[in-house]
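A short write-up of the structure that comes next.
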């Protein structure tokens, strides 16, 4: 990955599923940006801004301007559906969200 980044470039990481060797970023002075979805709520930082962002996203969703990506919808809340969902996530075979429809 570092090979395709330009010197003084930026690398954004949302989910670090594996260990990341940061030493490869140093020679190119790459800026690393990390994001955790619930980081603001977890640490109580910028909650007003978070509320504004969530309100804006909710309005866009209500207007049909954005839609979630469901990679797979599994029917019924069962041990088997949870196992299937978990196996797909662990194997990184998913695009978008894996949904378990509890109404089945």
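In the working numbering, the protein residues as written are 18 to 121.
Cβ atoms here follow ideal geometry from the backbone N, Cα and C, with glycine treated the same way.
Taking C-beta separations shorter than 6 Å and ignoring five residues to either side along the sequence, the partners of residue 89 in its chain run 115, following chain order. Inter-residue distance for residue 81 and residue 87 is about 15 Å (C-alpha atoms, whole angstroms). Residue 60 and residue 67 have their C-alpha atoms roughly 12 Å apart.
Between residue 91 and residue 117, the CB-CB gap stays under 7 Å. Listed in chain order, the non-local C-beta contacts of residue 31 below 7 Å within the same chain comprise 52, local neighbours out to five positions each way being set aside. Sequence-distant Cβ neighbours of residue 120 in its own chain, meaning closer than 6 Å and more than five residues away, do not exist here. In the structure shown, residue 88 falls within a strand segment according to DSSP collapsed to helix, strand and coil. Per the DSSP secondary-structure output, residue 114 pairs in a beta bridge with 87.
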